[in-house]
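Asker: I am attaching a structure below and will ask some questions about it afterwards.
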C-alpha cells in the first residue's frame, strides 16, 4: 500500500513531466475545444432546423427524419468516425481528420439537438399560442415573441448538457488521427511512462472545462423551475 | 376504551402550533374539530397516531402511551385509521390492491381473506364497480372514498379524518360526507377535522373549536355552533357561514 | 470514385461478428448490473450524514459525469497500473463503463426518489407498515417507474461505450472483432458498416424490449 501511495506522489517531486509537456497537452485541449465549438455550432444550427420541422410537419415528414436521426444515436460514435473516414477515402475527397471529426460530431450533436428543440417547441401550450394570436400577433410574431423564448427556457439546460456531452465525446476522435487532449496525454505517457500522473492532469483539464458549465446549467434549470 | 389527550404541546422549530391541548374522545363518539387554518388541528391528528412526535404531554390510546419509548407504533396504528386531505392513493396499485395491501402485509392475512375484506369495504363506500381500476382513473371523491375503505380494511377502532373534503371539487364533497355519515351511524369512533360546519353540527356528539393552538370551546354542537360563548368562536363561525 | 465494394467477405465474417456482439452485450449487461449496485450505494452515501461518505460519493459522481468515458476506461487500463493494479482489457473496459454508469445512475436514482411524494410514505406508515416495508412496497415501485426510461437509455449508452474497448486492446467484442478483420483485409468500410448495423439492431432490441416491458409493468 505504502509503495503504491508513494508511486502516486513521487512524480510530484521527481517527474520527467516538463512544462513543454503541459503546453503540449493544453494545445490538445485547444483542439478539443475547437472540435466542440464547430460540432456544437453545426449541430445546433441543423438541430434547430430539423427540430422545428419535426414539431410542425405531418407524420410522413416527421417520421423519416426521426428515424434517420435516431441512427446517429444508436451506433457508437467510434464506428461512425471510422465509417466517415473510410468513406472519405472511397469517394476521394481530401479533407483532414479534424474536418471529418467535426462533421461526424456535428451530425451526432444535431440528432440530439433536434429532439431538444422539438420538445421545447411542443412544450409551449396551444392555449398560450392561441392567446398570443388573439392579441393580434401574426404567426411570425407569435413564433419569435412567444414560442422561441419559452422553448429556449425549456431546452437550454438540456442543450448545455449536450454541449458537455459532445466535448467529452471528442476524445474518440483520436482514433482517426486527431491529436486532441486525450491523445496528447497518451503521447506523453508513452514517452515518460507515468500514466497515472499524466492522465490525472488530463482528467483535471477535462473537469475544469466541463464542471463550471455543468454547474451553470444545473443552476439555470433550478432557477427556472422555481419560477414556474 | 378511549383516546386521551393530556396537555399536549407541539412545535415545528420555534413555532409552537399546539399549545397545551387536553381532551378525551370516548369509544363510539364522533368529535368534530373546527377552527381557522393554521390553528394546529391537523397537526394534532398526526400526533395521535404518532406520525408527528410531540414535545410534551401524553396521548393515550386505549391506555397505551403513543409517544412513550418502546411503544410499537406500527401495531398501534392498526387500530387508528387516518384519511388525509390529499387522499394519497397508491398510484401503482389498482383500487382493490390499494385496499388489500395493508391487511395482507401488515395483518398477514391470506390473499383470499384480504380480497374478501377489501371487496366488502369498497362496496360499503360505493366503489364495488371500480375494483380493477387504477386510482388515476377515479375522481377525487372516489379516490377519497377509496382511502376511507383502505383505512377501514384494517378494522380500526378509531378513524381520524383530516380535512378530507377541502381538496375536493364542490360537487364531489357530498359523496364523501355521505360515506362518513354512514360510518358514524354504524357507531364508528371518529375525530373529524373539518371546514364543513353544517356536517359537523349534524353528525358530531361534540364539537371542539381550535384557535391558535388551543381548544377554545368544546361541547355539544347545539352549544358550540348553535350558541357559542366565546367571541373568537362567534367570529370564526361568522367568517365561514 | 473508382472503389468497388466487396460485401461478400463481410457477410462471411458475420458469424464471428455476432459472437463479438455477444461479448458486447455481456460487457454492457454486467456493467449495468454492477453500475446499478454502485449507483444505489452512491445515492445512499450522498444522502448520508457523514461528510467523508458524501464527499466520496460526490467526487465519484462528478468525475464520472465530467470526464470522457474513454478517459475513465484509460484510467482503469493504464492509470491503475501506477498503483500496482494491472487490469486486462476486458476488466478495464468493464470497470470504466461501470464507473461511468454508476455516476449517471446515482443521479437518476436521486431524482427518482425525489419524484415520489413524502405523503406516500406517510400514508403507508399510517396503515401500520414499518419504514422498510413502506419503502419496499410503496416508494420503490413508484421510483422504479420514474427511473425505468433513463435506465434503458443508460443501457443503450453502455452498449455504445463498449466499442471503446478496442482502444485498450480488447479484440473479442464486436468492434474488436471488426477491427481484427479490418487489419487483415483493409475492407474497412464494409466491415464497419456491418458492425454499425449490428450495433443499431442491438440498441433497438434493448429499446423495444424495454418498451414492451414498460407496457406490461406500468399499467397505471
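Protein chains in written order, with our numbering: chain A, 1023 to 1250; chain B, 447 to 687; chain C, 3 to 222.
Don't be surprised by glycine CBs; every beta carbon is placed ideally from N, CA and C.
Note that the structure is predicted; figures quoted are calculated from it, not measured.
Sort C:125, C:48, C:7 and C:24 by Cα distance to residue 177 of chain C and report the nearest one.
Answerer: It is C:24 whose Cα lies nearest to the Cα of residue 177 of chain C.
Asker: What are the boundary residues of the alpha helix (DSSP H) that residue 1211 of chain A is part of?
Answerer: It spans 1203 to 1214 - the alpha helix (DSSP H) in which residue 1211 of chain A sits, taken as one unbroken run.
Asker: Pair every Cβ in the region 101 to 112 of chain C with every Cβ in the region 67 to 78 of chain C, then say whether three or more of these pairs are closer than 8 Å.
Answerer: Contact holds: three or more Cβ-Cβ distances are below 8 Å.
Asker: Helix, strand or coil: how does DSSP classify residue 506 of chain B here?
Answerer: Note: residue 506 of chain B maps to strand in three-state DSSP.
Asker: Residues of the region 1223 to 1244 of chain A with a CB closer than 7 Å to any CB of chain C: list them in chain order, please.
Answerer: Hits within the stretch, in order: 1224, 1225, 1228, 1229, 1232, 1233 and 1236.
Asker: What is the DSSP secondary structure of residue 123 of chain C, counted as helix, strand or coil?
Answerer: Note: residue 123 of chain C maps to helix in three-state DSSP.
Asker: Among the candidates B:468, B:593, B:568 and B:587, whose CA atom is the shortest distance from the CA of residue 450 of chain B?
Answerer: Nearest C-alpha to residue 450 of chain B: B:468.
Asker: For the region 599 to 614 of chain B, which residues have a CB atom closer than 7 Å to at least one CB atom of chain C, in sequence order?
Answerer: From the region 599 to 614 of chain B, only 600 have a Cβ closer than 7 Å to chain C.
Asker: Rounded to a whole number of angstroms, what is the C-alpha to C-alpha distance between residue 1154 of chain A and residue 1145 of chain A?
Answerer: When rounded, the distance between both Cα atoms is 15 Å.
Asker: For residue 198 of chain C, which option in A:1094, A:1061, A:1210 and A:1185 has the closest C-alpha, if you only look at C-alpha atoms?
Answerer: Cα-wise, what sits closest to residue 198 of chain C is A:1094.
Asker: Taking only beta carbons into account, state which residues of the region 524 to 541 of chain B come closer than 7 Å to chain C, listed in chain order.
Answerer: So the list reads 524, 528, 530, 532, 534, 536, 537 and 538, given in the order they occur along the chain.
Asker: Using three-state DSSP, classify residue 461 of chain B as helix, strand or coil.
Answerer: Looking at residue 461 of chain B - three-state DSSP - the assignment turns out to be strand.
Asker: What would DSSP say about residue 452 of chain B, mapped onto helix, strand or coil?
Answerer: Here residue 452 of chain B sits in strand by DSSP.
Asker: Flag residue 483 of chain B as yes if its beta-carbon sits less than 8 Å from any beta-carbon of chain C, otherwise no.
Answerer: So no, residue 483 of chain B is outside the interface.
Asker: In angstroms, rounded to a whole number, what distance separates the CA positions of residue 155 of chain C and residue 209 of chain C?
Answerer: Roughly 8 Å separates the two Cα atoms.
Asker: Under a Cβ-count criterion, where at least 16 other Cβ atoms within 10 Å of its own Cβ denotes burial, should residue 1065 of chain A be classed as buried or exposed?
Answerer: By the neighbour-count rule (16 or more Cβ atoms within 10 Å), residue 1065 of chain A is buried.
Asker: Assign residue 51 of chain C to buried or exposed, taking buried as 16 or more other Cβ atoms, counted over all protein chains shown, within 10 Å of its Cβ.
Answerer: It counts as exposed.
Asker: Rounded to the nearest angstrom, how far is the Cβ of residue 634 of chain B from that of residue 607 of chain B, given a contact under 8 Å?
Answerer: That pair is no contact at about 11 Å.
Asker: On the DSSP bridge assignment, give the partners of residue 660 of chain B in chain order.
Answerer: According to DSSP, residue 660 of chain B bridges with B:657.
Asker: Using a Cβ-Cβ cutoff of 7 Å, what residues of the region 195 to 209 of chain C are near chain A? List them in chain order.
Answerer: Against chain A - using a Cβ distance shorter than 7 Å - the residues of the region 195 to 209 of chain C are 195, 197, 198, 201, 202, 205 and 206.
Asker: Could you tell me the distance, in whole angstroms, from the CA atom of residue 1023 of chain A to the CA atom of residue 87 of chain C?
Answerer: Interpretation of residue 1023 of chain A is limited by its pLDDT of 43, a score under 50 that renders its predicted location unreliable; no figure is taken from the coordinates.
Asker: Suppose the cutoff is 7 Å on Cβ atoms and the five residues either side in sequence are ignored; what does the same chain contact list for residue 519 of chain B look like?
Answerer: Excluding residues within five positions, the ones whose Cβ falls inside 7 Å are 496.
Asker: Identify, in the order they occur along the chain, each residue of the same chain with its Cβ nearer than 7 Å to the Cβ of residue 160 of chain C, setting aside the five sequence neighbours on each side.
Answerer: Counting only Cβ-Cβ distances below 7 Å, and skipping sequence neighbours, we find 30, 33, 34, 99 and 103.
Asker: Return the first residue and the last residue of the beta strand (DSSP E) that residue 635 of chain B is part of.
Answerer: Where residue 635 of chain B is concerned, the enclosing beta strand (DSSP E) stretches over 635 to 639.
Asker: So residue 1114 of chain A is in the alpha helix (DSSP H); what residue range does that whole segment cover?
Answerer: That residue, residue 1114 of chain A, is in no alpha helix (DSSP H); it is neither H nor E in DSSP.
Asker: Ordered along the chain, which non-local residues of its own chain (more than five positions away) have a Cβ less than 6 Å from that of residue 638 of chain B?
Answerer: Correct list, in chain order: 478 and 607.
Asker: What is the DSSP secondary structure of residue 1075 of chain A, counted as helix, strand or coil?
Answerer: In the structure shown, residue 1075 of chain A sits in a helix (DSSP, three-state: H, G or I).
Asker: Figure out for me which residue from B:473, B:615 and B:611 has the closest Cα to the Cα of residue 509 of chain B.
Answerer: Considering only alpha carbons, the answer is B:473.
Asker: Going straight from the alpha carbon of residue 1178 of chain A to that of residue 1060 of chain A, what length do you get?
Answerer: One C-alpha to the other measures close to 18 Å.
Asker: Using a Cβ-Cβ distance cut-off of 8 Å, determine whether residue 191 of chain C contacts chain A.
Answerer: So yes, residue 191 of chain C belongs to the interface.
Asker: Determine, for residue 1193 of chain A, whether the minimum Cβ-Cβ distance to residues of chain C falls below 8 Å.
Answerer: Yes, residue 1193 of chain A lies at the interface with chain C (some Cβ there is under 8 Å from its Cβ).
Asker: With C-beta atoms as the reference, is residue 503 of chain B less than 8 Å away from residue 452 of chain B?
Answerer: Taking 8 Å as the Cβ cut-off, residue 503 of chain B and residue 452 of chain B qualify as a contacting pair.
Asker: Does the region 541 to 555 of chain B come within contact of the region 122 to 134 of chain C, defined as at least 3 CB pairs closer than 8 Å?
Answerer: Yes: at least three Cβ pairs fall under 8 Å.
Asker: Run through the region 577 to 633 of chain B for me and flag every whole beta strand (DSSP E) of 3 or more residues, listed as ranges in chain order.
Answerer: Runs of the beta strand (DSSP E) inside the region 577 to 633 of chain B: 604 to 608.
Asker: Between residue 595 of chain B and residue 622 of chain B, is the Cβ-Cβ spacing less than 8 Å?
Answerer: For residue 595 of chain B and residue 622 of chain B, no; Cβs fall outside 8 Å.
Asker: So what's residue 1040 of chain A in DSSP terms, helix, strand or just coil?
Answerer: Looking at residue 1040 of chain A - three-state DSSP - the assignment turns out to be coil, as it is neither helix nor strand.
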